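So the structure is just underneath, and the comments pick up after that.
Number of protein chains: 6
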Amino acid sequence: MDETWLTTLITDTPQQGFELAITLSRRGVKYTQPDPEVLHKLRPIYANNPDSLTAASQVVAINFQTVAAANNYWRK
Amino acid sequence: MDETWLTTLITDTPQQGFELAITLSRRGVKYTQPDPEVLHKLRPIYANNPDSLTAASQVVAINFQTVAAANNYWRK
Amino acid sequence: MDETWLTTLITDTPQQGFELAITLSRRGVKYTQPDPEVLHKLRPIYANNPDSLTAASQVVAINFQTVAAANNYWRK
Amino acid sequence: MDETWLTTLITDTPQQGFELAITLSRRGVKYTQPDPEVLHKLRPIYANNPDSLTAASQVVAINFQTVAAANNYWRK
Amino acid sequence: MDETWLTTLITDTPQQGFELAITLSRRGVKYTQPDPEVLHKLRPIYANNPDSLTAASQVVAINFQTVAAANNYWRK
Amino acid sequence: MDETWLTTLITDTPQQGFELAITLSRRGVKYTQPDPEVLHKLRPIYANNPDSLTAASQVVAINFQTVAAANNYWRK
Numbered sequence: 007m008d009e010t011w012l013t014t015l016i017t018d019t020p021q022q023g024f025e026l027a028i029t030l031s032r033r034g035v036k037y038t039q040p041d042p043e044v045l046h047k048l049r050p051i052y053a054n055n056p057d058s059l060t061a062a063s064q065v066v067a068i069n070f071q072t073v074a075a076a077n078n079y080w081r082k
Numbered sequence: 007m008d009e010t011w012l013t014t015l016i017t018d019t020p021q022q023g024f025e026l027a028i029t030l031s032r033r034g035v036k037y038t039q040p041d042p043e044v045l046h047k048l049r050p051i052y053a054n055n056p057d058s059l060t061a062a063s064q065v066v067a068i069n070f071q072t073v074a075a076a077n078n079y080w081r082k
Numbered sequence: 007m008d009e010t011w012l013t014t015l016i017t018d019t020p021q022q023g024f025e026l027a028i029t030l031s032r033r034g035v036k037y038t039q040p041d042p043e044v045l046h047k048l049r050p051i052y053a054n055n056p057d058s059l060t061a062a063s064q065v066v067a068i069n070f071q072t073v074a075a076a077n078n079y080w081r082k
Numbered sequence: 007m008d009e010t011w012l013t014t015l016i017t018d019t020p021q022q023g024f025e026l027a028i029t030l031s032r033r034g035v036k037y038t039q040p041d042p043e044v045l046h047k048l049r050p051i052y053a054n055n056p057d058s059l060t061a062a063s064q065v066v067a068i069n070f071q072t073v074a075a076a077n078n079y080w081r082k
Numbered sequence: 007m008d009e010t011w012l013t014t015l016i017t018d019t020p021q022q023g024f025e026l027a028i029t030l031s032r033r034g035v036k037y038t039q040p041d042p043e044v045l046h047k048l049r050p051i052y053a054n055n056p057d058s059l060t061a062a063s064q065v066v067a068i069n070f071q072t073v074a075a076a077n078n079y080w081r082k
Numbered sequence: 007m008d009e010t011w012l013t014t015l016i017t018d019t020p021q022q023g024f025e026l027a028i029t030l031s032r033r034g035v036k037y038t039q040p041d042p043e044v045l046h047k048l049r050p051i052y053a054n055n056p057d058s059l060t061a062a063s064q065v066v067a068i069n070f071q072t073v074a075a076a077n078n079y080w081r082k
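Protein chains in written order, with this note's numbering: chain A, 7 to 82; chain B, 7 to 82; chain C, 7 to 82; chain D, 7 to 82; chain E, 7 to 82; chain F, 7 to 82.
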């Protein structure tokens, strides 16, 4: 991928960190399936399957561990 | 998502931390499937499937690792 | 949940820590399916399925990581 | 469980630590299904299923992370 | 494998670290299935299955935890 | 198992560490299914199933986290 999409793991707030975790999770998918049309077609399938949604949330949770550690958990 | 829902990972007690882990797990789902009616319709499906419940508990466990570390495990 | 069920992650022994990890894993299920009758009905299903048992053991392992770190691994 | 089976996470060697990780993984199963006869009956099912074996190895890997950290990775 | 393919976990940027995590995930597959023709044949199967894509993204997330820690999260 | 197969987690290079992670993953399987003939028979099944390959890569990733931490990420 030539595009620059990730320059830092540091965010201002935990919520921005959680949203970065979502970005990382989606990018992990995109490196395997780069075609946006295919991804668009697959979305309604897993977005209506509870086990697929739990699995998606799990990837976000794993990436959020990384982002949260990078930000020292946004401790004041 | 424009709504602010996560301003800190710090909680007073481990139980509140566990409940925050549940919130994070549900938000991870909501970013993929934001429609509350769909989520409501899916609930009875996975809430009666033992493997789905174990999978849900696993996501909570992963998020609880993050929240517990953020709170230095609520050590006195 | 109004009930207080988790006031500390600190335990005297690793075995008590492992048992706390089991409690955390069950609570993760209970927040999704709070009805004890449903949970009771589901138990024989997954308790006789080897893959379900492995999955349950995995959630315990993840929660045990958290409890063990909280207790500094019960190092003397 | 009244029996004492886990008094320390410290082992002399990494291999003993890996074997402790296996014990922890099996105990995680046993708390859900304590009947040794049922466990014995289930064994040939998952011991001949490659995905079940990979899943079992994954639980061991997670528990080994905990044991290895407890032992400071057996660094000299 | 005789080929040298991994000499360091250190990367200049988080994005390069993420791409290294993808490499590690693919190498984990390749050690089990080294035949490039088989891998090529399998690709369209999982690249069009949403649950397979989520599972692939999860392995990347786990490897990214390792690479990010190695790089001290690219903190300035 | 009486055989000594793991005396240290320390390796010279990250690639050797990755290969040790593969050894750990296979040993995790072998403790559950020690019969080499059965393992040999199962191999073509999961080596041609993309989801099985992803699952195998995930166990390697988890074990690599342990080995990499043990080696302080091979930082110079």
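Think of the CB as a built atom: it goes at the ideal place given N, C-alpha and C, for glycine as much as any other residue. Note that the structure is predicted; figures quoted are calculated from it, not measured.
Query raised in the report: Can you name the residues of chain A whose CB is closer than 9 Å to the CB of ILE28 (chain B)?
Result: At a beta-carbon threshold of 9 Å, none of the residues of chain A lie near ILE28 (chain B); the nearest stands roughly 11 Å away.
Query raised in the report: Looking at chain A, which residues of the region 55 to 70 of chain B have a Cβ within less than 7 Å of any of its Cβ atoms?
Result: So the list reads SER58, ALA61, ALA62, GLN64, VAL65, ILE68, ASN69, given in the order they occur along the chain.
Query raised in the report: For PHE24 (chain D) versus LEU48 (chain F), is the C-beta spacing smaller than 8 Å?
Result: For PHE24 (chain D) and LEU48 (chain F), no; Cβs fall outside 8 Å.
Query raised in the report: Which residue's Cα is closest to the Cα of LEU45 (chain E): F:THR60, F:PRO20, F:ILE28?
Result: Nearest option by C-alpha distance: F:THR60.
Query - TYR79 (chain E): first and last residue of the uninterrupted alpha helix (DSSP H) it sits in - result: Premise fails: TYR79 (chain E) is in no alpha helix (DSSP H) and is neither H nor E.
Query raised in the report: In whole angstroms, what is the alpha-carbon distance linking LEU26 (chain B) and VAL73 (chain B)?
Result: Rounded to whole angstroms, LEU26 (chain B) to VAL73 (chain B) spans 8 Å at the Cα level.
Report task. Please list, in chain order, all residues of the same chain as PHE70 (chain C) whose beta carbon is under 6 Å from its beta carbon, the five residues on each side excluded. Result -> Only PHE24, ALA27 meet the Cβ criterion.
Report task. Would you kindly check if the distance between the Cβ of TRP80 (chain D) and the Cβ of PRO20 (chain D) is under 8 Å? Result -> Yes, Cβ-Cβ distance for PRO20 (chain D) and TRP80 (chain D) is below 8 Å.
Query raised in the report: chain D beta carbons: is any one of them nearer than 8 Å to that of PRO40 (chain C)?
Result: It does not; no Cβ of chain D falls within 8 Å.
Report task. Taking C-beta pairs closer than 7 Å, name the residues in chain D that TRP11 (chain F) reaches, listed in chain order. Result -> Residues of chain D passing the Cβ test: GLN21.
Report task. Give me the Cα-Cα distance between SER58 (chain C) and ASP57 (chain B), rounded to the nearest whole angstrom. Result -> One C-alpha to the other measures close to 6 Å.
Report task. Consult DSSP for TYR51 (chain A) and reduce its assignment to one of helix, strand or coil. Result -> Reading off the sequence shown, one finds Ile at residue 51 (chain A), where the question assumed Tyr. In the three-state reduction of the DSSP assignment, ILE51 (chain A) falls in the helix class.
Report task. Answer with buried or exposed for THR10 (chain E), where buried requires no fewer than 16 other C-beta atoms within 10 angstroms of its C-beta. Result -> Counting Cβ neighbours within 10 Å, THR10 (chain E) comes out exposed, since fewer than 16 surround it.
**Report entry** Pairwise C-alpha distance: ALA76 (chain C) and ASN77 (chain E)
**Finding:** One C-alpha to the other measures close to 25 Å.
Query raised in the report: What is the C-beta distance between ILE68 (chain C) and GLN64 (chain B), in whole angstroms, given that I count them as a contact (C-beta under 8 Å)?
Result: About 6 Å separates the beta carbon of ILE68 (chain C) from that of GLN64 (chain B), a gap short enough to meet the 8 Å contact definition.
Query raised in the report: Considering THR29 (chain C), what are the terminal residues of the alpha helix (DSSP H) in which it resides?
Result: Here the alpha helix (DSSP H) through THR29 (chain C) covers 20 to 38.
Query - Cutoff 7 Å; reference VAL66 (chain F); Cβ partners in own chain excluding five residues on either side - result: Here the set comprises ALA27, ILE28, SER31.
Requested in this report: Step through the CB atoms of chain D and report whether any lies within less than 8 Å of the CB of TYR37 (chain C).
Outcome: Any Cβ of chain D closer than 8 Å to the Cβ of TYR37 (chain C) would place that residue at the interface, and such an atom is absent.
Query raised in the report: What's the C-alpha gap between THR14 (chain B) and ILE16 (chain A)?
Result: Distance between the alpha carbons of THR14 (chain B) and ILE16 (chain A): 15 Å.
Query raised in the report: Beta carbon of GLY34 (chain B), beta carbon of ALA62 (chain A): below 8 Å?
Result: Taking 8 Å as the Cβ cut-off, GLY34 (chain B) and ALA62 (chain A) qualify as a contacting pair.
Report task. Give the single residue among C:TYR37, C:GLN39, C:ASN55 whose Cα lies nearest to the Cα of LYS36 (chain D). Result -> Ranked by how close their Cα comes to the Cα of LYS36 (chain D), the residues C:TYR37, C:GLN39, C:ASN55 have C:ASN55 in first place.
Query raised in the report: Which value, in whole angstroms, describes the spacing of the CA atoms of ASP18 (chain C) and LYS82 (chain C)?
Result: CA-to-CA, the gap between ASP18 (chain C) and LYS82 (chain C) works out to about 11 Å.
Report task. Using a Cβ-Cβ cut-off of 8 Å, state whether ALA76 (chain E) counts as contacting chain A. Result -> Between ALA76 (chain E) and chain A, the shortest Cβ-Cβ separation is not below 8 Å.
Query raised in the report: Do you know offhand how far THR38 (chain F)'s Cα is from ILE51 (chain D)'s?
Result: Within the model, the alpha-carbon separation for THR38 (chain F) versus ILE51 (chain D) is close to 11 Å.
Query - Listed by chain order, chain C residues near TYR52 (chain D) by CB distance under 9 Å - result: Identification of chain C residues near TYR52 (chain D) by a Cβ-Cβ cut-off of 9 Å yields PRO56, ASP57, LEU59, THR60, ordered along the chain.
Query raised in the report: According to DSSP, is ASP8 (chain A) helix, strand or coil?
Result: Three-state DSSP puts ASP8 (chain A) in coil, outside helix and strand.
Report task. Could you tell me which chain A residues have their CB closer than 7 Å to the CB of THR72 (chain B), listed as they occur along the chain? Result -> In chain order: PHE70, GLN71, ALA74.
Report task. Look at the alpha carbon of PRO40 (chain E) and the alpha carbon of ASP8 (chain C), and state the distance between them as a whole number of angstroms. Result -> Using only the alpha carbons, I get a separation of about 54 Å.
Query raised in the report: Looking at the structure shown, is ASP41 (chain D) part of a helix, part of a strand, or coil, going by DSSP?
Result: Here ASP41 (chain D) sits in coil by DSSP.
Query - Neighbour flag for ARG81 (chain F) against chain D, beta carbons, 8 Å - result: So, not an interface residue.
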